[in-house]
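One structure is given below, encoded as structure tokens.
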Amino acid sequence: MASNEDDENDAKWKALDARVNEYPCARKFQAIGLDDGTFVDSVREMISEALGGRYIHPENVTARPSSKGKYVSANVTLEMESGDDVLAVYGVLKADKRVLWYL
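Position one of the sequence shown corresponds to residue 1 (the UniProt record's numbering), numbered consecutively onward.
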């Protein structure tokens with residue numbers, strides 16, 4: 001359940017987004033989590049689901065392990081159709097406990 005503060009933050013973000021972004025546009029999302037061998041694929045799947053099952057080509061997904069191999073950065077670059085798409089992706093990344101950090 002979203003709080004009033006979340007709703008206000010979304011409204012502020014949408015106002016700023018409308019001023020500075022034009023859609024469609026390419027956008028890179030990055031999520032960092034423990035490198036358990038499934039994290040990168042999980043990030044790709046959750047982003048796909050957030051966008052209504054949109055296919056994400058493997059070429060649009062890269063991974064970079066941390067220097068000691070404990071963590072991995074999943075990077076997904078996609079064409080976004082609207083700011084609502086962006087918010088949907090950030091929403092699923094924020095909600096997943098495996099995601100330790102996202103951008």
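In this text, a Cβ means the ideal position worked out from N, Cα and C, and glycines have one as well.
Predicted model only: the values in this text are computed from it and were never measured.
Let's test the definition: count the other Cβ atoms within 10 Å of the Cβ of residue i and tell me whether it reaches 16, buried, or not, exposed.
i     : result
GLY53 : exposed
ALA74 : buried
ALA50 : buried
ASP85 : buried
In angstroms with no decimal places, state the Cα-to-Cα distance between residue i and residue j.
i      : j     : result
GLN30  : LYS12 : 22 Å
ILE47  : GLU5  : 24 Å
PRO65  : GLY91 : 24 Å
MET80  : VAL61 : 15 Å
ILE32  : GLU45 : 15 Å
VAL40  : GLU8  : 31 Å
ALA88  : TYR23 : 15 Å
LEU100 : CYS25 : 26 Å
For residue i versus residue j, is the C-beta spacing smaller than 8 Å?
i      : j     : result
LEU103 : TYR71 : no
ARG27  : LEU78 : yes
ASN21  : GLY69 : no
Among the options, which one has its Cα closest to the Cα of residue i?
i     : options                       : result
LYS97 : ASN21, SER42, ASP10 and GLY37 : SER42
Would you check if there are 3 or more beta carbon pairs closer than 8 Å linking the region 8-22 to the region 49-66? no
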